[in-house]
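*Asks:* My structure is below; once you've seen it, I'll send some questions.
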Amino acid sequence: MLQLQNFINGQFVPPVAGRYLPNIEPATGLVYGQIPDSDATDVARAVEAAQAAFPAWRALAAEKRGRLLVRLAELIEQNLEPLAQAESRDNGKPVALARMVDIPRAASNFAFFGTGVGHFASETHFQEGLALNYTVRHPLGVVGCISPWNLPLYLFTWKIAPALAAGNCVVAKPSEITPATAFLLGELCQQAGLPAGVLNIVHGTGPGAGQAIVEHPLVKAISFTGGTKTGEHIARTAAPMFKKLSLELGGKNPNLIFADCDLAAAVSTSIQSSFSNQGQICLCGSRIFIERPIYEQFKAAFLERVAGLTVGDPLLETSRQGALVSEAHLLKVQSYIELARQEGGTLLAGGERVRLDGRCAGGFFLQPTVFEGLAPNCRTNREEIFGPVVTLTPFDTEAEVLDWANGTDYGLSATIWTRDLDRAHRVAHALHAGVVWINTWLLRDLRTPFGGMKNSGVGREGGLEALRFFTEAQNVCVKL
Ligand SMILES: NC(=O)C1=CN([C@@H]2O[C@H](COP(=O)(O)OP(=O)(O)OC[C@H]3O[C@@H](n4cnc5c(N)ncnc54)[C@H](O)[C@@H]3O)[C@@H](O)[C@H]2O)C=CC1
Ligand SMILES: O=C(O)/C=C/C=C(\O)C(=O)O
């Protein structure tokens with residue numbers, strides 16, 4: 041059985057207390073490995089290693105740090121297949137998705153920030169005849185990166201890459217539910233020649249290892265992606281310690297589909313935004329609002345496509361839907377299906393657990409599920425389900441759909457489908473969402489600010505925003 045280890049000070053080491061957690065394969069429901077159940081002692085060792093590595097790492101020219109990150113990107117690309125297989129097995133996502141999206145994006149994260157840091161120029165403010173101010177951006181020191189299970193290597197590296205590029209040393213914790221590719225990343229760090237202690241990877245639970253990272257006094261910033269409740273808890277611990285915080289939290293994202301849209305494209309992309317990764321992406325559009333004149337047409341075409349989504353063994357190329365990440369998560373999503381029924385929703389598709397044969401007989405599979413007839417403000421339409429469950433609702437006016445779209449505590453992303461450019465911009469500006477897509481979904485440019493409004497988060501990731509987060513600005517004023 042595969043036993044993972046922590047990666048501390050450039051070496052793979054067991055947890056000090058010798059405790060391990062089972063690692064379950066979602067497609068089979070069986071334990072297939074063990075991961076360290078690390079505690080505050082392991083975290084303290086990781087922080088110590090990071091602190092010791094910091095002076096040399098920050099002193100290295102940004103270009104040299106960047107080259108090491110680009111080397112890591114190349115190694116990820118060279119190991120695309122084993123990484124994709126590991127991600128699929130660990131998370132339950134179709135291997136084709138891991139191969140096309142997760143692993144390439146992890147490589148892009150390192151390549152982007154490895155080269156991007158070279159463009160991270162200082163600002164100068166010239167006060168005519170009086171003074172010259174210039175801004176120095178210092179790395180913070182040791183920073184903590186805590187990531188979730190839905191896009192494991194993709195989001196782990198999305199945090200680590202800018203932190204390292206900016207000259208920090210990192211203690212990172214992947215989700216205990218999907219630790220495999222983070223472990224493999226440690227091996228690639230050794231191959232790339234990343235100096236010992238610069239990146240430390242500690243495995244374990246949120247309340248155990250995660251909490252210890254957040255609480256450690258030498259950890260100067262926390263970059264976290266995960267559930268809103270966890271984000272709230274982390275903020276309560278970190279804020280009184282004056283740590284910098286970047287919180288990327290949940291979403292309940294609306295798709296606004298106007299009658300003048302390109303219907304075929306809207307249907308096809310809405311299928312992706314509803315069910316990619318079994319709906320387990322914080323950007324998934326789970327509330328689909330359709331202008332009444334095209335409601336029935338959209339619904340028919342959408343349901344036809346839903347019927348064609350093959351739920352199957354994630355390791356098979358033919359599977360379009362894999363397993364949900366865990367039994368607990370499957371039960372949570374099923375409880376929302378029950379809630380939708382109780383709230384008066386009409387089930388149009390799915391709604392049931394899928395029992396496959398053979399190796400996947402015990403897997404956590406669920407049919408892609410579609411409801412209609414729910415009130416826009418019911419719990420099903422306000423709370424994050426984070427699974428393959430969407431609702432369809434007709435609307436009559438722009439004002440009405442904006443009101444509904446903005447009617448949740450979340451504000452992460454939104455998608456607008458229309459050919460009317462004036463309306464597209466007007467509606468985009470009126471939406472309470474940090475990320476708005478017009479006639480597309482999840483088209484990412486890593487330079488753009490990424491993050492949510494309201495309870496969807498604090499701060500922005502991506503591009504210069506990420507490099508600014510992982511540095512502290514110092515102004516130097518020179519009198520002329
Ligand atoms: N990006 C997103 O929007 C995500 C949202 N979720 C939502 O959150 C719900 C709960 O999922 P979970 O797996 O429980 O996510 P979570 O928020 O508990 O886990 C995310 C990461 O935070 C860590 N963590 C948990 N408690 C912590 C603590 N006290 N201190 C430091 N780190 C801690 C976990 O170990 C994991 O690495 C999901 O059902 C879903 O609705 C989950 C994952 C990603
Ligand atoms: O940066 C991206 O492209 C996507 C980020 C997605 C999440 O943060 C999520 O699903 O949790």
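Each residue of the sequence shown is one higher than the one before, counting from 41 in the numbering used here. We put the beta carbon where it would ideally sit given N, CA and C, even for glycine.
Tell me which residues share the same chain as residue 402 and place their Cβ nearer than 7 angstroms to its Cβ, disregarding the 5 neighbours each side in the sequence.
*Replies:* 68, 69 and 70.
*Asks:* Near residue 163, which residues of its chain fall below 8 angstroms by C-beta distance, leaving aside the five closest residues on each side in sequence?
*Replies:* The residues are 174 and 175.
*Asks:* Between residue 372 and ligand 1, is there a pair consisting of the residue's CB and a ligand heavy atom that are separated by less than 7 angstroms?
*Replies:* Checking every heavy atom of ligand 1 against the Cβ of residue 372, one is found closer than 7 angstroms.
*Asks:* Taking a contact to mean a Cβ-Cβ separation below 8 angstroms, would you say residue 416 touches residue 390 in this structure?
*Replies:* No. Outside cutoff.
*Asks:* Would residue 316 and residue 295 qualify as a contact pair, given that the criterion is a beta-carbon distance under 8 angstroms?
*Replies:* Going by C-beta atoms, residue 316 is not nearer than 8 angstroms to residue 295.
*Asks:* Can you tell me which residues form a DSSP beta bridge with residue 172?
*Replies:* Paired residues: 166 and 518.
*Asks:* Check whether the segment 258–271 touches the segment 134–151, counting contact only when three or more Cβ pairs, one atom from each stretch, lie closer than 8 angstroms.
*Replies:* Contact between the segment 258–271 and the segment 134–151 is absent, because fewer than three Cβ pairs lie under 8 angstroms.
*Asks:* Can you list, in chain order, the residues of its chain with a C-beta nearer than 8 angstroms to that of residue 46? Leave out the 5 residues immediately preceding and following it.
*Replies:* Counting only Cβ-Cβ distances below 8 angstroms, and skipping sequence neighbours, we find 52, 53, 54, 55, 76, 78, 82, 86, 240, 241, 242 and 243.
*Asks:* Around ligand 2, what residues have a beta-carbon under 6 angstroms from a heavy atom of it, in chain order?
*Replies:* Working through the chain, the matches are 188, 190, 191, 195, 198, 265, 288, 321, 322, 323, 484 and 490.
*Asks:* In terms of DSSP beta bridges, what is residue 327 paired with?
*Replies:* BP columns for residue 327 point to 294 and 431.
*Asks:* Compute the distance between the beta-carbons of residue 271 and residue 452, then report whether it is under 8 angstroms.
*Replies:* No.
*Asks:* With a cut-off of 8 angstroms on the beta carbons, I'd call residue 434 and residue 332 a contact; round off their distance for me.
*Replies:* Right, their Cβ atoms sit about 5 angstroms apart.
*Asks:* Let me make sure I understand the geometry here. Which of 520, 186 and 206 has the alpha-carbon closest to that of residue 222?
*Replies:* Taking only the C-alpha atoms, the option nearest residue 222 is 186.
*Asks:* Hey, quick one: how far does the alpha helix (DSSP H) through residue 144 stretch, first residue to last?
*Replies:* That run of the alpha helix (DSSP H) goes 143–156.
*Asks:* Run through DSSP, which three-state label would residue 283 get?
*Replies:* In the structure shown, residue 283 sits in coil (DSSP, three-state: anything other than H, G, I, E or B).
*Asks:* DSSP on residue 73, reduced to helix/strand/coil?
*Replies:* Three-state result, residue 73: strand.
*Asks:* Does residue 470 get closer than 8 angstroms to chain C when you measure Cβ to Cβ?
*Replies:* Structure shown: chain C not included; a single protein chain is present.
*Asks:* From residue 136 to residue 320, what does the alpha carbon distance come to, in whole angstroms?
*Replies:* The straight-line gap from Cα to Cα measures roughly 16 angstroms.
*Asks:* Take residue 183 as the anchor and find which of 254, 302, 287 and 277 has the nearest alpha-carbon.
*Replies:* Answer by Cα proximity: 254.
*Asks:* When the distance is taken between beta carbons, is residue 365 closer than 8 angstroms to residue 131?
*Replies:* Against a cut-off of 8 angstroms, the Cβ pair of residue 365 and residue 131 comes out as a contact.
*Asks:* Need the endpoints of the alpha helix (DSSP H) that residue 263 sits in, please.
*Replies:* Here residue 263 belongs to no alpha helix (DSSP H); instead the beta strand (DSSP E) covers 259–265.
*Asks:* Are the Cβ atoms of residue 447 and residue 413 separated by less than 8 angstroms?
*Replies:* Not in contact: residue 447 and residue 413 (Cβ atoms no closer than 8 angstroms).
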